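Remember, full-length UniProt numbering sits 363 above the position in the sequence shown when you count from 1.
All remarks here apply to the structure that follows.
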Amino acid sequence: QAKQMARPRWQRFTPSMQQTLHRKLTLKQHLTKAISRQELSLRYQPQIDVSKGCLIGYEVLLRWHNPELGHVSPAEFIPLAEEMGLIREIGNWVLATALSQIALWQEQWHQRVPISVNLSGFQLTPCLPEEVEVQLTKYGVDAALLTLELTETVLMLDMQGSIDILDALSERQIKIAIDDFGTGYSSLAYLNRLPINTIKLDRSFVVGLNLSVIRATAAMATNLGLDIMAEGVEEPHELAALLAQGCHRFQGYLFSTPLTAEEVTLSGFKVVSPVGCFGLPLVIND
Ligand code: C2E
Ligand code: MG
Ligand code: MG
Ligand code: MG
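Set out below in C-alpha cells:
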C-alpha cells in the first residue's frame, strides 16, 4: 500500500502529447486571422427526400484552408474556436455568408434554396433569435428557408433556457434540427418539450446499420410528428435498410459530397440519384 501511495500522480509528458499541444498552439495562432485572411469558405451538401423524389435543401459546412497548414477539418478547429472565444464571430460569418449566397441564388437563379446551418452551443444565447432575424432581414431571406442544427447534448445543458430560445426561433418560422442524434442522452420527455422539426440520425448508426436504434428513432420521430434524416449514407445497402425502417430523408456521399456554391449553381439545383439514376430537382415545400 505504501508503494502504491508513493507512486507519482503526474503523467510523463510524452513526445506525442507535446506534438498535440504544439499542433493546437499553431492552429490557434492561425485561426485568429482565418476570417480576415479569407481562409474560410462554405460547402453545401444536398439533402434528399427519396419518398418525394426530391432534393429538399443543403447543409452548410465550414471549411478552413490555411497556406501553411493546408485543409483543417471543422471537427478539429471548431472546438479550438470555442476554447478561444472565437466561435461566435465565426458562426456569424457562416450565417451571413450562407444567407448572402441564398439571396444571390434567389436573385440570379430564381431559386428559393433551403439551408441548414450548424450552431455551436456557445451561440445558443437569449439574443440568438433576434440576431438571426436581423441577418435574415439584412439579406432579404425568408425565415422559412432556414434550419438551425444543434446537438442534443447542447440543448440538454440548460433545458428551460433551450426551450425559451427555440420557442423564440420557431415563432419566427425558423426550423430546428437535432444533429448527431443518438450520441448523447436523449429522452422522449425532453424531445417533446422542444419545438423541433427534424432529427438527424448520427452516421455511426448508419455505418453500423444498428437496426434497433434506427427503427426506434424512426418510430419515435413518427409519433412526435418529426422528420428523421440519416446522415453519412454511403452505400446502397445502407439506403435500403434505412428505407425499410421508415427513414426517407438522407444526406451522404451516396447522393453527393459537400459542393461549392459554384458546383450547386452548375448542377442546376439538382442531384442525380443513385436510386433509378434520375435527376432529383430542388423542390421546396413550405
Ligand atoms: P455534422 O454537422 O454532423 O456534419 C456532417 C459531417 O459528415 C460533415 O463533415 C460531412 O462532410 C460529413 N459527411 C457527409 N456525408 C458523409 C458520408 O457519406 N460519409 C462520411 N464519412 N462523412 C459524411 P465535416 O464537414 O467535416 O463537418 C464535421 C462537423 O463539424 C460537423 O458535423 C459539425 O458538427 C461541425 N461543423 C461544420 N461546419 C460547421 C459550422 O459552420 N459551425 C459549427 N458550429 N460547426 C460546424
Ligand atoms: Mg450538422
Ligand atoms: Mg450531423
Ligand atoms: Mg456529425
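Glycine included, each C-beta is placed from N, C-alpha and C at the ideal position.
Note that the structure is a prediction, hence the values are computed from the model and not measured.
Residues near residue i by beta carbon distance below 8 angstroms, same chain, minus five either side
| i | result |
| --- | --- |
| residue 643 | 411, 416, 417, 418, 633, 634, 635 and 636 |
| residue 618 | 409, 411, 596, 634, 636 and 637 |
| residue 540 | 479, 510, 511, 512, 513, 559, 560, 561, 562, 563 and 592 |
| residue 398 | 452, 453 and 456 |
| residue 472 | 628 and 632 |
Residue i Cβ short of 7 angstroms to ligand 2 heavy atom set
| i | result |
| --- | --- |
| residue 481 | yes |
| residue 590 | no |
| residue 422 | yes |
| residue 445 | no |
| residue 350 | There is simply no residue 350 to check, as the chain begins at 364 and stops at 649 in what is shown. |
Residue span of the beta strand (DSSP E) that contains residue i, given as start and end
| i | result |
| --- | --- |
| residue 563 | 561 to 564 |
| residue 478 | 478 to 481 |
| residue 412 | 403 to 412 |
| residue 509 | 509 to 514 |
C-beta atoms of residue i and residue j nearer than 8 angstroms
| i | j | result |
| --- | --- | --- |
| residue 457 | residue 405 | yes |
| residue 656 | residue 477 | The structure shown does not extend to residue 656, since the chain spans only 364 to 649, so no value can be given for it. |
| residue 462 | residue 390 | no |
| residue 628 | residue 609 | no |
| residue 483 | residue 450 | yes |
| residue 428 | residue 402 | yes |
| residue 440 | residue 487 | no |
| residue 557 | residue 529 | yes |
Sheet register partners of residue i (DSSP bridge)
| i | result |
| --- | --- |
| residue 592 | 563 and 612 |
| residue 548 | In the DSSP output, where bridge partners are listed per residue, residue 548 has none listed. |
| residue 634 | 643 |
| residue 517 | DSSP, once it has assigned bridges, lists no residue as partnering residue 517. |
| residue 541 | 513 and 562 |
| residue 422 | 408 and 479 |
Endpoints, the alpha helix (DSSP H) within which residue i is located
| i | result |
| --- | --- |
| residue 502 | 491 to 502 |
| residue 453 | 450 to 472 |
| residue 416 | Careful: residue 416 lies outside any alpha helix (DSSP H) and carries neither H nor E. |
| residue 433 | From DSSP, residue 433 is part of no alpha helix (DSSP H) but of the beta strand (DSSP E) over 433 to 435. |
| residue 381 | 378 to 394 |
| residue 628 | 624 to 629 |
| residue 580 | 574 to 587 |
| residue 523 | 522 to 534 |
| residue 606 | 599 to 607 |
Residue i beta carbon near ligand 1 (any heavy atom closer than 7 angstroms)
| i | result |
| --- | --- |
| residue 621 | yes |
| residue 438 | yes |
| residue 382 | no |
| residue 425 | yes |
| residue 464 | no |
| residue 407 | no |
| residue 612 | no |
Contacting residues, own chain, Cβ-Cβ under 6 angstroms from residue i (five flanking each side not counted)
| i | result |
| --- | --- |
| residue 646 | 417 |
| residue 532 | 492 |
| residue 468 | 474 and 476 |
| residue 566 | 594 and 595 |
| residue 572 | 604 |
| residue 536 | 506 and 507 |
| residue 481 | 512 |
| residue 626 | none |
| residue 377 | none |
Own chain, CB closer than 7 angstroms to residue i, minus 5 neighbours either side, in chain order
| i | result |
| --- | --- |
| residue 516 | 547 |
| residue 621 | 406, 407, 408 and 424 |
| residue 568 | 545, 576 and 577 |
| residue 589 | 559, 560, 561 and 562 |
| residue 526 | 556 and 557 |
Near ligand 3: residue i beta-carbon under 7 angstroms from a heavy atom
| i | result |
| --- | --- |
| residue 521 | no |
| residue 542 | yes |
| residue 594 | yes |
| residue 563 | yes |
Cβ of residue i within 8 angstroms of any chain C Cβ
| i | result |
| --- | --- |
| residue 403 | Checking the listed chains, one finds no chain C in this structure; it contains a single protein chain. |
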